[in-house]
Amino acid sequence: MKILAITSCPNGIAHTYMAAENLQKAAAKLGIEMKVETQGSIGVENQLTEQEIREADGIIIAADKTVVKDRFVGKKLLVVGVQDGIRRPEELIQRVMKGNVPVHQAESRSAEGSSQENKPKQNPIYRHLMNGVSYMVPFIVIGGLLIAIALTIGGEKTPGGLVIPDGSFWKTVQNIGSASFTFMIPILAGFIAMSIADRPGLAPGMVGGFIAANGSFYGSEAGAGFIGGIIAGFLAGYVALGIRKMKVGRALQPIMPIIIIPVLASLIVGLIFVFVIGAPVAQLFEALTGWLAGMQGTSSILLALILGAMISFDMGGPVNKVAFLFGSAMIGEGNYEIMGPIAVAICIPPIGMGLAAMINKRKFAPAEREAGKATFTMGLFGITEGAIPFAAQDPLRVIPSIMVGSMVGSVIAMLGNVGDKVAHGGPIVAVLGAVDHVLMFFIAVIVGVAVSVVLVSLLKKDITAAVTPDVAGGAGQSAITTTTAAAESSASTTVTNNGPAVSSQAMHIEKLTDIVTMDLINLDLEGTTRDAVVDEMIEALERTGAVSSASDFKQAILAREEEGSTGIGMNIAIPHGKSEAVLEPSVVFGIKQGGVDWNSADGSEAKLIFMIAVPRNSKENAHLKVLQMLSRKLMDDHFREALLAVKTKEEAYQLLDQVH
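If you're matching positions, the sequence shown starts at 261 in this note's numbering and goes up one per residue.
What follows is the structure in structure tokens.
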């Protein structure tokens with residue numbers, strides 16, 4: 261009997277190879293021929309061929325990320341999480357041997373097995389939402405920054421706002437940025453739907469997102485914004501999923517994923533949005549516009565509170581647009597003190613979230629902190645949409661925080677008689693001279709941003725508590741982290757070294773002892789806490805000249821731990837980091853017989869600890885290769901027991917020489 265397998269985890273490092281190793285060991289024990297394809301950070305390895313798939317009696321996919329299944333149509337296919345591949349390999353193989361798995365149909369998980377067995381531990385609604393957000397982020401960054409650059413360099417003040425003359429080079433740059441923005445909501449909706457219904461959901465989701473973003477379909481000037489896109493994405497996904505589960509004849513099955521599901525789902529979602537959701541939305545926002553117009557004679561503070569809340573509620577969506585268009589209309593009537601508070605409120609969400617992400621390491625993963633820099637920059641140019649990825653990821657905490665900040669800033673601007681003569685917002689309009697009472701404008705922005713930063717820092721959970729740790733590759737990583745950063749990205753280290761620049765040349769690592777020396781082996785670690793052990797192991801690197809700055813490299817190690825514990829279970833921890841403080845790739849091996857708490861996935865204390873240090877500008881993903889080698893070898897119970905039993909460094913070195 262011949263069985264094939266694929267293993268993969270979100271970051272594609274340790275668990276990918278641990279599952280592969282355990283499946284191969286279990287197959288050998290059961291006398292089954294098996295080949296395992298790994299889809300890790302290094303790329304696809306040991307790829308399955310068409311002939312091998314034709315000859316296979318069954319396929320096992322042990323993965324916590326999407327694996328394309330098109331090539332397995334007509335084959336018995338068992339889909340489970342990567343943890344099942346690590347912990348229950350024999351059981352999985354026996355199920356395939358007994359035939360107790362469904363046959364994979366084109367674009368369908370025909371039986372209950374695949375959809376039920378691969379349920380992730382995290383909330384599925386959150387997972388679908390994050391899938392859409394992660395694909396949307398680059399479009400926001402491209403559009404926001406290009407528009408900001410074009411307005412700054414080529415914009416001219418006019419009564420209608422900052423305008424770039426037609427035919428200029430910067431108008432072309434602005435148009436490219438605007439084009440990127442037009443994809444934002446369809447991409448969000450499309451990939452939410454794809455997460456729910458796989459590829460048949462993508463087209464209906466994008467169509468629904470496009471309709472949500474274009475109010476012309478249902479008589480709204482602003483459209484339904486990113487909130488409408490989220491609604492369209494979930495609606496399209498579940499409609500496509502429902503159609504996909506319908507029982508149809510064999511003759512129709514081949515055209516279900518390419519014709520029937522996309523066409524029917526797109527039509528249903530489009531009609532629902534146009535006739536059920538869209539029309540009431542348009543009527544609501546017309547009523548809102550009239551209500552705001554009727555408030556001009558009432559309390560200016562109440563009006564400022566309402567405008568600040570509306571601007572930040574959906575960040576470029578219909579509620580935001582109603583307030584913005586109201587302020588723009590007031591400019592035409594010579595009333596600039598309505599647009600002033602709006603100009604302040606516009607920039608507080610992106611500046612506040614960007615600043616919060618950059619300064620608060622406990623609340624935001626490294627990749628989110630990197631994304632915060634772009635968000636902050638967009639805020640300076642009055643691009644509220646820059647905060648959308650953070651709001652979409654955690655709406656119940658982020659949206660109230662930025663709304664309160666914008667409301668506070670808007671009230672201060674109203675009390676300070678801040679006026680804005682152009683239909684735009686952010687510090688850029690003050691710098692270009694379009695704002696009255698510039699000092700009060702900046703005071704309002706600073707106070708509003710401070711309020712948002714404080715609130716979001718208080719409300720958001722620490723990332724170590726908010727995600728399920730799963731060393732370098734299990735499920736549960738933050739969406740922005742797992743999809744913005746390429747597998748275990750170099751965002752795991754963001755420190756720099758003030759010493760001389762190091763020229764890191766590509767080093768070909770064949771086995772672990774290529775980068776382990778006797779001086780980097782410690783059989784009796786003294787530290788009683790994780791941080792103490794980290795310090796002790798970094799000291800060994802510093803003594804041997806492998807690092808130029810212990811403190812800088814420690815920052816890299818702890819930054820990686822913030823993303824999720826590197827305690828992989830079975831009494832093993834593999835802390836690792838890339839840093840400019842590292843002068844040459846090295847691995848420190850230490851034993852702590854009494855164990856130390858490393859927040860491991862299985863609750864076990866770390867006794868066998870491997871610290872991997874790699875130069876930040878390494879031309880090869882050396883740490884990924886070492887992690888792969890270690891993950892495979894450490895699945896061997898006898899090897900782990902032998903390591904724990906060594907008495908001398910020489911014995912340990914001989915065992916480590918087997919890791920390749």
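Every residue gets a Cβ at the ideal spot worked out from N, C-alpha and C, and that includes glycine.
Owing to the predicted nature of the structure, the values given are computational and were not obtained by experimental measurement.
Problem - Under the three-state DSSP convention, the category Asp784 falls into - result: Within the sequence shown, residue 784 is the residue found at index 524, counting from 1. Three-state DSSP puts Asp784 in coil, outside helix and strand.
Handout entry: N-terminal and C-terminal residue of the alpha helix (DSSP H) that Phe899 is part of
Key = The residue given as residue 899 occupies position 639 in the sequence shown. Residues 897–904.
Exercise for the section: Entirely within the stretch 448–527 and at least 3 residues each: give me those beta strand (DSSP E) ranges in chain order. Expected result: For secondary structure counted as the beta strand (DSSP E) over 3 or more consecutive residues, the stretch 448–527 holds no complete run.
Problem - Cut-off 6 Å between Cβ atoms - residues of its own chain near His388, not counting five sequence neighbours on either side - result: By one-based count along the sequence shown, residue 388 stands at place 128. The residues are Ile452, Ser455, Ile456.
Exercise for the section: My understanding is that Val698 touches Asp680, with C-beta atoms under 8 Å, so please give their C-beta distance in whole angstroms. Expected result: Taking the sequence shown and counting its residues from 1, the one referred to as residue 698 is at position 438. Taking the sequence shown and counting its residues from 1, the one referred to as residue 680 is at position 420. So it is not a contact: roughly 11 Å between Cβ atoms.
Practice task
Just mark Ile798 as buried or exposed, buried being the case when its beta carbon has 16 or more other beta carbons within 10 Å.
Solution key: Locating residue 798 in the sequence shown gives position 538, counting from the first residue. Counting Cβ neighbours within 10 Å, Ile798 comes out buried, since at least 16 surround it.
Practice task
Could you name the residues that DSSP lists as bridge partners for Lys295?
Solution key: Counting from one through the sequence shown, the residue named residue 295 turns up at place 35. Answer is Leu264.
Problem - Among Pro362, Ala287, Glu351, Ser559, the one whose alpha carbon lies nearest that of Ile598 - result: Start at 1 with the first residue of the sequence shown, and residue 598 comes out as number 338. Taking only the C-alpha atoms, the option nearest Ile598 is Ser559.
Exercise for the section: Check the C-beta distance from Ile571 over to Thr644 and give it rounded, since I have them as a contact under 8 Å. Expected result: One-based indexing of the sequence shown puts residue 571 at position 311. One-based indexing of the sequence shown puts residue 644 at position 384. Correct: roughly 7 Å between the Cβ atoms.
Problem - Chain-order list of residues whose beta-carbon lies under 6 Å from that of Pro687 (same chain, five-residue window excluded) - result: Residue 687 sits at position 427 when you count from the first residue of the sequence shown. Closer than 6 Å at Cβ, skipping near neighbours: Leu640.
Problem - Lys581 to Gly587 span [Cα, whole Å] - result: Counted from its first residue, the sequence shown places residue 581 at position 321. Counted from its first residue, the sequence shown places residue 587 at position 327. Each residue's Cα considered, the two are about 10 Å apart.
Handout entry: Sheet register partners of Ala800 (DSSP bridge)
Key = As a working mapping, residue 800 is identified with position 540 in the sequence shown. In the DSSP output, where bridge partners are listed per residue, Ala800 has none listed.
Handout entry: Heavy atom of the ligand MN within 7 Å of Ile606 beta-carbon
Key = Absence of the ligand MN is noted for the structure shown, with no ligands found whatsoever.
Exercise for the section: Output yes or no for whether 8 Å exceeds the beta carbon distance between Gly837 and Ala866. Expected result: Walking along the sequence shown from the start, residue 837 turns up at place 577. Walking along the sequence shown from the start, residue 866 turns up at place 606. Contact flag unset, no.
Practice task
With a threshold of 16 other CB atoms inside 10 Å of the CB of His921, please say whether the residue is buried or exposed.
Solution key: Coverage of the chain is limited to positions 261 through 920, which leaves residue 921 absent and any answer about it impossible.
Handout entry: C-alpha gap between Ala673 and Gly414, whole angstroms
Key = Position 413 of the sequence shown, counting from 1, holds the residue named residue 673. Position 154 of the sequence shown, counting from 1, holds the residue named residue 414. Rounded to the nearest angstrom, the gap between the Cα atoms of Ala673 and Gly414 is 27 Å.
Exercise for the section: Please work out which residues of its chain come closer than 8 Å, Cβ to Cβ, to Ile353, disregarding the five sequence neighbours upstream and downstream, and give them in chain order. Expected result: Within the sequence shown, the letter at position 93 stands for residue 353. Residues Ile263, Leu283, Ala286, Ala287, Leu290, Ile292, Met294, Ile320 of the same chain have their beta carbon placed closer than 8 Å to that of Ile353, with the five preceding and five following residues left out of the count.
Exercise for the section: Take Ala463 and list the residues in its own chain whose beta-carbon comes closer than 7 Å to its own, dropping the five residues that flank it on each side. Expected result: One-based indexing of the sequence shown puts residue 463 at position 203. Answer for Ala463: Pro522, Ser526, listed in chain order.
Exercise for the section: Label His275 either buried or exposed according to how many other C-beta atoms from any shown protein chain fall within 10 Å of its C-beta, with 16 as the threshold for buried. Expected result: Walking along the sequence shown from the start, residue 275 turns up at place 15. Flag for His275 reads buried.
Practice task
State the start and end residues of the unbroken beta strand (DSSP E) segment that holds Ser811.
Solution key: For the purposes of this step, residue 811 is identified with residue 551 of the sequence shown, where counting begins at 1. That residue, Ser811, is in no beta strand (DSSP E); its alpha helix (DSSP H) goes 810–823.
Practice task
Taking only beta-carbon positions, decide if Leu675 is within less than 8 Å of chain C.
Solution key: Here chain C cannot be found, since the structure has a single protein chain.
Practice task
Have a look at the DSSP bridge pairing and note the partners of Ser846.
Solution key: Within the sequence shown, numbered from 1, the residue matching residue 846 stands at position 586. Partner(s): Ala873.
Practice task
For Lys838, write down the residues that DSSP places opposite it in a beta bridge.
Solution key: Within the sequence shown, numbered from 1, the residue matching residue 838 stands at position 578. Answer is Val874.
Problem - Inter-residue Cα distance where the pair is Val842 and Val848 - result: The residue you call residue 842 lines up with position 582 of the sequence shown. The residue you call residue 848 lines up with position 588 of the sequence shown. Taking the straight line joining both Cα atoms gives about 13 Å.
Problem - Three-way DSSP call (helix, strand, coil) for Ile851 in this model - result: As a working mapping, residue 851 is identified with position 591 in the sequence shown. Three-state result, Ile851: strand.
Problem - Contact check, Asn831 vs Leu868, beta carbons under 8 Å - result: Translated into positions along the sequence shown, residue 831 becomes position 571. Translated into positions along the sequence shown, residue 868 becomes position 608. In contact: Asn831 and Leu868 (Cβ atoms closer than 8 Å).
Practice task
Would you mind reading off the limits of the alpha helix (DSSP H) that contains Val707?
Solution key: The residue given as residue 707 occupies position 447 in the sequence shown. Unbroken alpha helix (DSSP H) run through Val707: 698–719.
Practice task
Under 8 Å by Cβ, that's how I've got Ala569 and Pro609 pegged, so tell me the actual separation to the nearest angstrom.
Solution key: Translated into positions along the sequence shown, residue 569 becomes position 309. Translated into positions along the sequence shown, residue 609 becomes position 349. Actually they are not in contact, since the Cβ atoms of Ala569 and Pro609 sit about 11 Å apart, beyond 8 Å.
Problem - Under the three-state DSSP convention, the category Gly359 falls into - result: Numbered from its first residue, the sequence shown carries residue 359 at position 99. Three-state result, Gly359: coil.
Handout entry: Beta carbon of Val705 nearer than 8 Å to that of Val604
Key = By one-based count along the sequence shown, residue 705 stands at place 445. By one-based count along the sequence shown, residue 604 stands at place 344. Cβ atoms of Val705 and Val604: closer than 8 Å.
Exercise for the section: May I ask you to report which of helix, strand or coil DSSP gives Val339? Expected result: Position 79 of the sequence shown holds residue 339. In the displayed model, Val339 falls within a strand according to three-state DSSP.
Practice task
Please go through the same chain and pick out, in chain order, the residues whose beta-carbon is closer than 6 Å to the beta-carbon of Ser374, but skip the five residues on each side of it.
Solution key: Taking the first residue of the sequence shown as 1, we reach residue 374 at position 114. Legend: pLDDT at Ser374 = 40, less than 50; position of this residue unreliable, value from coordinates given subsequently. The beta carbon of Ser374 sits closer than 6 Å to the beta carbons of Val339 from its chain, once the five residues preceding and following it are set aside; these are given in chain order.
Problem - Inter-residue spacing [alpha-carbon to alpha-carbon] between Val467 and Gly855 - result: Here residue 467 corresponds to residue number 207 of the sequence shown, with the count starting at 1. Here residue 855 corresponds to residue number 595 of the sequence shown, with the count starting at 1. Distance between the alpha carbons of Val467 and Gly855: 55 Å.
Practice task
Go through its chain and collect everything with a Cβ distance to Lys885's Cβ below 6 Å, but skip five positions before and after it.
Solution key: The sequence position of residue 885 within the sequence shown is 625, counting from 1. Once the five neighbours on either side are set aside, the close Cβ partners of Lys885 are Ile769.
Practice task
Note down the Cα distance separating Ala631 from Met444, rounded to an integer number of angstroms.
Solution key: Along the sequence shown, one-based indexing puts residue 631 at 371. Along the sequence shown, one-based indexing puts residue 444 at 184. Roughly 16 Å between the two C-alpha positions.
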